[in-house]
Structures are given as structure tokens and as C-alpha cells.
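Numbering (my numbering), first residue to last: 21 to 358. Ideal Cβ positions, reconstructed from N, Cα and C, are used throughout, including at glycine. Computed from a predicted model, the values in this text were never measured in an experiment. Heads up, the thing below is written out as C-alpha cells.
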Ligand SMILES: CC(C)(COP(=O)(O)OP(=O)(O)OC[C@H]1O[C@@H](n2cnc3c(N)ncnc32)[C@H](O)[C@@H]1OP(=O)(O)O)[C@@H](O)C(=O)NCCC(=O)NCCS
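If you want it as C-alpha cells, here you go:
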């Protein structure tokens with residue numbers, strides 16, 4: 021296993037955070053809960069009941085894991101009340117809140133809102149939309165943040181990669197915001213740089229990606245997507261004047277010094293970037309999967325950024341080890357939040 025992955029787990033363990041895993045009905049989640057508890061990466065609250073966990077993972081040793089069944093816990097009414105208060109302006113009633121709070125993903129988000137856990141991880145058997153919506157509805161964005169977004173830490177394959185001096189890149193937003201505006205893209209760039217620094221432990225150099233480098237491709241006749249990235253670059257520089265960030269760049273100009281010297285000779289970021297901000301989810305999602313499948317990079321994420329409290333989504337194709345890592349990342353985010 022890469023040393024960065026080991027470091028992330030080690031740093032998380034030192035924080036002793038409590039993370040809720042919402043899907044006790046899934047064998048991968050139960051297996052991960054056991055590993056996390058054994059390796060003391062975090063304290064785990066698992067939403068489910070013992071009978072169900074034993075059915076899906078008969079050999080699991082559940083010692084040290086707190087099991088909570090929303091249907092039997094006394095606190096359900098308190099959590100329903102939190103939901104009602106958070107959503108009453110949107111038409112939520114006490115009756116609807118009591119029913120909605122029994123849903124495991126919503127229940128986990130309410131535990132987080134109540135401060136009974138430090139972080140939330142779900143999505144092994146729920147879609148991204150169903151996993152994140154409870155968070156968007158009750159946890160909401162952090163102060164001075166308008167948008168929740170996501171990034172992937174992309175760890176270089178064994179043996180390294182000639183262009184990846186830090187051992188990892190950060191790619192954003194490949195999973196959450198479908199077509200961000202220039203303002204949103206600027207915020208995604210700034211929060212992704214924070215993820216690079218705080219979670220991956222790399223000094224961020226951010227490239228705003230496009231099919232154009234410094235005005236080379238003018239698509240004003242078509243979609244204005246170059247203008248959007250140019251505007252986002254300006255806004256991001258205003259939002260974070262000390263951040264090393266530039267654009268708009270084609271991927272090769274952002275990554276490869278020789279190409280940068282030709283296409284963007286005056287930029288300090290061109291040819292040096294380690295955080296790549298894609299113009300929309302199509303580009304980002306395709307891009308990270310190419311790096312993963314053809315480039316041999318390991319993708320950690322999507323890591324959610326911008327929530328008031330840490331809440332992360334799993335891929336439905338995840339394995340138990342992916343869940344362990346996501347819990348470790350969530351614990352690190354909880355450490356930064358304090
Ligand atoms: C994340 C996602 C589910 C949000 O969906 P949505 O339909 O906008 O959700 P809702 O309309 O129910 O929004 C719920 C609340 O969250 C807010 N919200 C939605 N997206 C937000 C964002 N990115 N940041 C902050 N708040 C957001 C909405 O404004 C709304 O607030 P309100 O109800 O208090 O007014 C949606 O963007 C999505 O499906 N993205 C793609 C996910 C995906 O399929 N990824 C696949 C690759 S892994």
C-alpha cells in the first residue's frame with residue numbers, strides 16, 4: 021500500500037474521531053467497520069442491528085462497534101425534531117420529519133448535525149444523490165462557502181509517475197456539481213487546494229482546465245466554456261490571492277513543462293500543476309477514470325468539500341478497503357473542522 025494511504029490512516033487514528041457508517045445491511049460496510057475498529061482508525065457507529073450484521077457478515081467480530089437501529093432508539097424523536105427545524109421553511113411537518121428520520125442515511129446526517137458523531141460515510145448501497153441529499157438538506161455548507169463540491173486524491177502508481185513529483189494529484193469536481201458556473205468553479209478551485217494541503221499533504225499548485233490555453237481556443241460561437249474558465253480563474257485569484265493558481269490551460273500545458281514552455285511561457289503554474297480543476301462533471305468524471313484505468317493511479321474519493329461538517333459518499337462499486345480509507349479521510353476532515 022502507498023505510503024500516502026498509510027499516512028492518511030495513521031493521521032486519522034491519532035485524532036480518535038467517531039464516524040457513522042449508515043449501511044449496516046452491507047457486508048463490505050460491516051467488514052470495514054471491523055477493520056477500522058481493530059486498527060483504531062476511528063470509533064465506529066454502525067447503523068443497523070446485530071442480527072442483520074451477523075446475517076450479512078457471519079464471522080464479523082462486532083466488539084467495540086456501536087450499533088444503532090433508528091427504529092428502536094429513544095433519540096429518534098429528538099433527531100426528527102432537528103430535521104423538522106432544519107426543513108420547516110421548505111414544508112417539512114413534524115409527522116413527515118418523524119418518518120424521514122427513520123431513513124438510515126437521513127438518520128446518520130441527523131446524528132452528525134446533533135454532534136453525536138464527528139463524520140458521516142455512506143453510499144455503498146445508495147446512489148450519490150440519495151447519499152448527499154440529507155447532508156445538503158440538514159448539514160448545509162460551511163460558513164463563507166456557497167457550494168458543496170468533491171475532489172479525488174489521485175495517487176501515483178507504484179514506481180511513480182514522471183510528472184507527479186508529489187506522489188499524488190487532486191482532481192475536481194468529478195462527481196458532484198454537474199455544470200458549475202464561473203463563481204462555483206472558482207470556489208471549487210479554492211476548496212480543492214485546501215483538500216490537497218490538508219488531506220493529501222501536498223502544497224497546491226492549481227490549474228483551471230479547458231480545451232484552450234491562455235486564449236488559444238475561442239469557442240464564443242459555441243458554448244462560451246473557455247470564457248467561463250477564464251472568468252473562474254480571475255475570481256479564484258481574487259478569492260485566494262496567495263494561492264498558486266492559474267489558467268485556463270489544456271491538461272498537457274498544465275502538466276508537462278516542455279508543453280508549458282511553448283503554450284504558456286509566462287505562467288508559474290503551467291507545467292507544474294498538481295491540482296486540476298475540470299470545467300464540468302463530464303470532463304472531470306471521464307478524466308479521473310482515464311487516469312485510474314489507463315494511468316494506474318489510485319483514486320481516493322469523491323471527497324466532499326464545503327459541508328459544515330464532514331460527510332462523504334462511497335462508490336457503489338467500492339470494496340471494504342475503500343470504505344476504511346474514506347472513513348480515515350472523513351476523520352481528518354473532522355480534525356480540521358475543530
Ligand atoms: C448532489 C446532487 C444530488 C444535488 O441534487 P439536487 O437535485 O440539486 O438536490 P436537491 O434539489 O434535493 O437539493 C437539496 C438542497 O441542497 C442544495 N444543493 C444542491 N446542490 C448543492 C451544492 N452543490 N452545494 C450546496 N448546496 C447544494 C439545494 O439548493 C437544496 O437546498 P434547499 O432544499 O435547502 O433549498 C446533484 O447535484 C447530483 O445528482 N449530482 C451528480 C451526482 C452523480 O450522479 N454523480 C455521479 C458520479 S460519482
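Span of the alpha helix (DSSP H) holding residue 54? The residue you call residue 54 lines up with position 34 of the chain shown. Looking at the DSSP string, the run of the alpha helix (DSSP H) that includes residue 54 is 47-58.
Taking 7 Å as the cut-off, decide whether the C-beta atoms of residue 125 and residue 154 are in contact. Position 105 of the chain shown, counting from 1, holds the residue named residue 125. Position 134 of the chain shown, counting from 1, holds the residue named residue 154. Contact: yes.
Is residue 167 near ligand 1 - that is, is its Cβ less than 6 Å away from at least one heavy atom of it? Reading the chain shown from its first residue, position 147 is the one you call residue 167. Yes, the Cβ of residue 167 comes within 6 Å of a heavy atom of ligand 1.
Kindly provide the ranges of any alpha helix (DSSP H) runs that are 4 or more residues long and lie completely inside the stretch 80-110, ordered along the chain. 96-107
Return helix, strand or coil for residue 318, following the three-state DSSP convention. For the purposes of this step, residue 318 is taken as residue 298 along the chain shown, with counting starting at 1. Strand, per DSSP.
Could you give the residue range of the beta strand (DSSP E) that holds residue 267? Taking the chain shown and counting its residues from 1, one reaches residue 267 at position 247. Its beta strand (DSSP E) spans residues 264-269.
Closest Cα partner of residue 127 within the set 176, 58, 41 and 81: Within the chain shown, residue 127 is the residue found at index 107, counting from 1. Considering only alpha carbons, the answer is 41.
Measuring only the C-alpha atoms, how far is residue 67 from residue 240? Here residue 67 refers to the residue found at position 47 when the chain shown is read from its first residue. Here residue 240 refers to the residue found at position 220 when the chain shown is read from its first residue. In a straight line, the C-alpha of residue 67 is about 51 Å away from that of residue 240.
Beta-carbon spacing of residue 351, residue 87 below 7 Å: Sequence index remark: in the chain shown, residue 351 carries index 331 (1-based). Sequence index remark: in the chain shown, residue 87 carries index 67 (1-based). It is not a contact, given that the beta carbons lie outside the stated cut-off.
Helix, strand or coil: how does DSSP classify residue 75 here? As a position in the chain shown, residue 75 is number 55, starting the count at 1. DSSP places residue 75 in helix when its eight states are reduced to three.
Based on Cα-Cα distance, which residue from 74, 37 and 46 lies nearest to residue 56? For the purposes of this step, residue 56 is taken as residue 36 along the chain shown, with counting starting at 1. Selected option, being the one with the closest Cα: 37.
Along the beta strand (DSSP E) that carries residue 151, what are the first and last residues, could you check? Reading the chain shown from its first residue, position 131 is the one you call residue 151. No beta strand (DSSP E) holds residue 151; the alpha helix (DSSP H) holding it covers 148-154.
Heavy atom of ligand 1 within 6 Å of residue 153 beta-carbon: In the chain shown, the residue the question calls residue 153 occupies position 133. Indeed, a heavy atom of ligand 1 lies less than 6 Å from the Cβ.
Selected residue, minimal CA-CA separation from residue 113, among 101, 123 and 122: Residue mapping note: residue 113 aligns to position 93 of the chain shown, counting from 1. It is 101.
Please classify residue 149 as buried or exposed, where buried requires at least 16 neighbouring CB atoms within 10 angstroms. For the purposes of this step, residue 149 is taken as residue 129 along the chain shown, with counting starting at 1. Exposed, since its Cβ has fewer than 16 Cβ neighbours within 10 Å.
Secondary structure at residue 141, three-state DSSP: helix, strand or coil? Indexing the chain shown from 1 puts residue 141 at position 121. In the structure shown, residue 141 sits in a strand (DSSP, three-state: E or B).
Count the C-beta pairs between the stretch 227-236 and the stretch 328-343 that are closer than 8 Å, then say yes if the count reaches three, no if not. no
Are the stretch 262-274 and the stretch 188-196 touching, with three or more C-beta to C-beta distances below 8 Å? no
Is the closest heavy atom of ligand 1 to the C-beta of residue 203 under 6 Å? To locate residue 203, count along the chain shown from 1; it is residue 183. Not under cutoff, so the answer is no.
What's the gap between the Cα of residue 331 and the Cα of residue 139? Taking the chain shown and counting its residues from 1, the one referred to as residue 331 is at position 311. Taking the chain shown and counting its residues from 1, the one referred to as residue 139 is at position 119. Looking at the two C-alpha atoms, the distance is approximately 6 Å.
Could you say if the stretch 179-193 and the stretch 159-166 meet the contact criterion of at least three C-beta pairs nearer than 8 Å? no
If we call anything under 7 Å between Cβ atoms a contact, is residue 52 one with residue 343? Indexing the chain shown from 1 puts residue 52 at position 32. Indexing the chain shown from 1 puts residue 343 at position 323. For residue 52 and residue 343, yes; Cβs fall inside 7 Å.
Specify, as a first and last residue, the run of the alpha helix (DSSP H) that residue 126 falls within. On the chain shown, residue 126 is found 106 positions in, with the first residue counted as 1. Looking at the DSSP string, the run of the alpha helix (DSSP H) that includes residue 126 is 124-134.
Any idea what DSSP makes of residue 367, helix, strand or coil? This structure does not reach residue 367, given that the chain is present from 21 up to 358, and the question cannot be answered.
Any heavy atom of ligand 1 closer than 6 Å to the Cβ of residue 149? Walking along the chain shown from the start, residue 149 turns up at place 129. At least one heavy atom of ligand 1 is nearer than 6 Å to the Cβ of residue 149, so yes.
Taking only the alpha-carbon atoms, compute the straight-line gap between residue 48 and residue 222 and give it to the nearest angstrom. As a working note, residue 48 is residue 28 in the chain shown. As a working note, residue 222 is residue 202 in the chain shown. Each residue's Cα considered, the two are about 30 Å apart.
Reference residue 312, options 177, 133 and 63, closest by Cα: As a first step, residue 312 is located in the chain shown; it is residue number 292 there, counting from the start. When each option's Cα is compared against that of residue 312, the closest is 177.
Along the alpha helix (DSSP H) that carries residue 211, what are the first and last residues, could you check? Locating residue 211 in the chain shown gives position 191, counting from the first residue. Residues 202-215.
Proximity of residue 295 and residue 200 at Cβ, strictly below 7 Å: Taking the first residue of the chain shown as 1, we reach residue 295 at position 275. Taking the first residue of the chain shown as 1, we reach residue 200 at position 180. It is not a contact, given that the beta carbons lie outside the stated cut-off.
With a threshold of 6 Å on Cβ separation, who are the neighbours of residue 85 within its own chain once the five nearest residues in sequence on each side are excluded? Your numbering for residue 85 matches position 65 in the chain shown. Closer than 6 Å at Cβ, skipping near neighbours: 53, 57, 64 and 66.
Are the stretch 165-183 and the stretch 311-328 in contact at 8 Å, needing three or more beta carbon pairs? yes
Nearest-angstrom Cα separation, counted from residue 310 out to residue 271: For the purposes of this step, residue 271 is identified with residue 251 of the chain shown, where counting begins at 1. For the purposes of this step, residue 310 is identified with residue 290 of the chain shown, where counting begins at 1. Between residue 271 and residue 310, the C-alpha separation is close to 13 Å.
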